[in-house]
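J.:
Numbering (UniProt numbering), first residue to last: 1 to 660.
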């Protein structure tokens, strides 16, 4: 028996209700006689219900319209003390779930009147939250009215009310979708015939959905409408909405309830037909804007990118690609191509920084990268998305070294933080910090006079963003110099680490399966021989498909990786960074060798050799015709010993004994 339905709790509820009604009667004795009479009638009603019913809570709920009426009349007086007393009494009834659908509708109408009169705003929000979290009786128009009430209070002039209302809206949106998930759970064993949806043209109702699902659908559809600056269909009475807040709500729903959109075709429709076009439309200023370009020849000025919108859009895109890639293959191709364009040198530096943070989130998910390769790079007429991402990272790193000296930091911080996360021309003592009379070298990359510090931004294998988490900022804030380079560097390292561990893991699984099949089929009987042959054939097909994907992934990324890592190796002034770069090149060389990709393997080995020799000497030796695989192998053995990696070289061949 729950705490609110135990005999003790019911007895306490009855006592509190009568006490509240007596207090209401006393407060309204002189100024509001009708309310006093209603309160006294309410006391008699409560006593009668308690005396005539064994199931008191059920009886209270059945008669709740009459029970709450005195409190609604008390709120109608607009007297602060009386209103507070009545709201507290109504909340008590709600928490015991003794409010019917009709009574809940009456309560919401009363709360709306208080909101329009700017009375007890915080209490109103609290009451709405209690009503929606403790009961499931509020649906359709009553629910939409309660949600609109919270939205309206979010845009008042009082900061405390605004922040409380924003938190309440987030909770209410979550509650609406949690109800839908619970509804699905209750009906999961019921097999229903799918209903054909004719384009979902009827925006006012969705006949294929159950009540809670319909509420969630209408709410999500209107969030898309509001973000798009269109009038809502369901949230009638909305007077104001900010695009940033709407995008945050969309992101939270997509991230917290992906199963809703994957399991219901109506919600899949919303993703494809509403969310994706909306995101692409809002990205338009970021696509068209070119930093430093003159707009005088253009008939209309190009709208500048706006940091709060762009950052939230990228957060939404990250969720769409991570959670709904299988559903939105075409749309994700567009999003990924946009991300690559945002790394271009003519984009604002803050836009490039948030773009590289977004790409980093994908680089730590090798299975997602594999999907990119299969869906795009391996298709004949598709964009080579995976290859483009790796090449764009390399171009991005190279462009940071080519940025001209920024001059006075005070002036460069104006006009949009143009050197944000970029480089500075190397001073005479670049990378040196005096500590206690000594000099400590700062980890950095230095190339052709450009010095860029290396920052510790995240642990290996995770993508902790800075820009993408700044939801409270309106202007792009200044972040530590070298941040963009450090994120891009981690992208490369995590990408190498991820695809290598994934491919080697899958390769090991295939080898184990083949070995198991061989052992089980070592002495086949007449009846199982055909089954074993089929199993072997299936494994061979699986290996052929997997190997094709592995080879495509390596072929798509090795050129871009090699160019970027070689540049960073030349520029590195830090032992740890140099070691990480060499390990990445060794890892790729070993992976290419295991897959039999000779050209890429030799390219990585050659790069390691060049890094092992003095700068000018390497060009002379490695460009001569006398270099042989034996020389490369000797260098590789040396590097493996120096770096103490976990790769095991094959045993040396036994010497051939000369015949006597």
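Heads up, the beta-carbon is just placed ideally off N, CA and C, and yes, glycines get one too.
Look up residue 661 in the DSSP assignment and give the residues it is bridged to.
T.: The chain is shown only over 1 to 660; residue 661 falls outside these bounds and no answer can be derived.
J.: Beta strand (DSSP E) containing residue 450: first to last residue?
T.: Start and end: 450-453.
J.: Considering residue 73, what are the terminal residues of the alpha helix (DSSP H) in which it resides?
T.: Counting along the chain, the alpha helix (DSSP H) containing residue 73 begins and ends at 64-76.
J.: Using 8 Å for Cβ pairs, my map puts residue 56 next to residue 71. What's the rounded Cβ distance?
T.: About 19 Å; that fails the 8 Å criterion.
J.: Counting only the same chain and skipping the five closest in sequence on each side, list residues whose C-beta sits under 8 Å from that of residue 172.
T.: Counting only Cβ-Cβ distances below 8 Å, and skipping sequence neighbours, we find 128, 129, 132, 146, 147 and 150.
J.: Following the continuous alpha helix (DSSP H) through residue 611, name the residue where it begins and the one where it ends.
T.: Residue 611 -> alpha helix (DSSP H) spans 598-612.
J.: Looking at the secondary structure, which residues open and close the alpha helix (DSSP H) in which residue 80 lies?
T.: Its alpha helix (DSSP H) spans residues 80-95.
J.: Residue 160 to residue 154, Cα distance in whole Å?
T.: Roughly 9 Å separates the two Cα atoms.
J.: Just to confirm, are residue 26 and residue 42 a CB contact at a threshold of 8 Å?
T.: For residue 26 and residue 42, no; Cβs fall outside 8 Å.
J.: Assign residue 360 to buried or exposed, taking buried as 16 or more other Cβ atoms, counted over all protein chains shown, within 10 Å of its Cβ.
T.: When all chains shown are included, residue 360 counts as buried.
J.: Going by Cα to Cα distance, which pick from 288, 251 and 265 is closest to residue 275?
T.: The shortest Cα separation from residue 275 among 288, 251 and 265 belongs to 251.
J.: When DSSP labels each residue in this structure, what does residue 234 get in the three-state scheme?
T.: Residue 234: coil per DSSP, three-state reduction.
J.: My understanding is that residue 568 touches residue 397, with C-beta atoms under 8 Å, so please give their C-beta distance in whole angstroms.
T.: That pair is a contact at about 7 Å.
J.: What number of angstroms, rounded off, separates the C-alpha of residue 75 from the C-alpha of residue 67?
T.: Roughly 14 Å separates the two Cα atoms.
J.: Is residue 372 closer than 8 Å to residue 253 when the C-beta atoms are compared?
T.: No.
J.: Would you mind working out which of 400, 102 and 9 sits nearest residue 136, comparing C-alpha positions?
T.: Measuring from the Cα of residue 136, the nearest candidate turns out to be 102.
J.: Where does the unbroken alpha helix (DSSP H) through residue 211 begin, and where does it stop?
T.: That run of the alpha helix (DSSP H) goes 211-227.
J.: Among 385, 345 and 351, which one has its Cα closest to the Cα of residue 363?
T.: Residue 385 is the option with its Cα nearest to residue 363.
J.: Residue 627: buried (16+ other C-beta within 10 angstroms of its C-beta) or exposed?
T.: For residue 627, the predicted structure reports a pLDDT of 48, less than 50, and the residue's modelled location is therefore unreliable. A value from the coordinates is still provided. Residue 627 should be labelled exposed.
J.: Taking the alpha-carbon positions, what's the residue 271 to residue 475 distance?
T.: Taking the straight line joining both Cα atoms gives about 30 Å.
J.: Grab me the residues of residue 199's own chain with a C-beta within less than 6 Å of its C-beta, minus the 5 sequence neighbours each way, in chain order.
T.: Per-residue confidence for residue 199 stands at a pLDDT of 46, beneath the threshold of 50, marking its modelled position as unreliable; no derived number is given.
J.: Within the continuous alpha helix (DSSP H) that includes residue 155, where are the two ends?
T.: Element bounds for residue 155: n/a, residue is neither H nor E.
J.: Output the distance between the C-alpha atoms of residue 230 and residue 505, rounded to the nearest integer angstrom.
T.: Straight-line Cα distance between these residues: approximately 49 Å.
J.: Buried or exposed: residue 109, going by 16 or more other Cβ atoms within 10 Å of its Cβ?
T.: With fewer than 16 other Cβ atoms within 10 Å, it is exposed.
J.: Is the Cβ-Cβ distance between residue 210 and residue 183 less than 8 Å?
T.: Taking 8 Å as the Cβ cut-off, residue 210 and residue 183 qualify as a contacting pair.
J.: Rounding to the nearest angstrom, what Cα-Cα distance links residue 121 and residue 37 in this structure?
T.: Approximately 28 Å between the Cα atoms of the pair.
J.: Based on Cα-Cα distance, which residue from 77, 479, 545 and 242 lies nearest to residue 33?
T.: The shortest C-alpha separation from residue 33 is found at 77.
J.: Rounded C-beta distance between residue 327 and residue 382? I'm assuming under 8 Å.
T.: Incorrect: roughly 17 Å between the Cβ atoms, too far for contact.
J.: Measuring straight from C-alpha to C-alpha, what distance separates residue 611 and residue 374?
T.: Using only the alpha carbons, I get a separation of about 34 Å.
J.: Measuring straight from C-alpha to C-alpha, what distance separates residue 586 and residue 565?
T.: Residue 586 and residue 565: Cα-Cα distance of roughly 11 Å.
J.: What three-state label does DSSP hand residue 28 in the structure shown?
T.: In the structure shown, residue 28 sits in coil (DSSP, three-state: anything other than H, G, I, E or B).
J.: Whole angstroms are fine: how far does the CA of residue 4 sit from the CA of residue 466?
T.: For residue 466 and residue 4, the distance between alpha carbons rounds to 45 Å.
J.: With a threshold of 16 other CB atoms inside 10 Å of the CB of residue 674, please say whether the residue is buried or exposed.
T.: The displayed coordinates of the chain run from 1 to 660. Any statement about residue 674 would go beyond what the structure contains.
J.: Compute the beta-carbon to beta-carbon distance between residue 595 and residue 551, rounded to the nearest angstrom, for a pair I have assumed lies under 8 Å.
T.: The pair is a contact, with the Cβ atoms about 6 Å apart (cut-off 8 Å).
J.: Would you please state the rounded distance, in angstroms, between the beta carbons of residue 389 and residue 334? I believe it to be under 8 Å.
T.: Their Cβ separation, rounded to whole angstroms, is 14 Å, which puts residue 389 and residue 334 out of contact at 8 Å.
J.: Let's see if you can read the secondary structure: which residues bound the alpha helix (DSSP H) around residue 310?
T.: 307-324 is the span of the alpha helix (DSSP H), which, as asked, contains residue 310.
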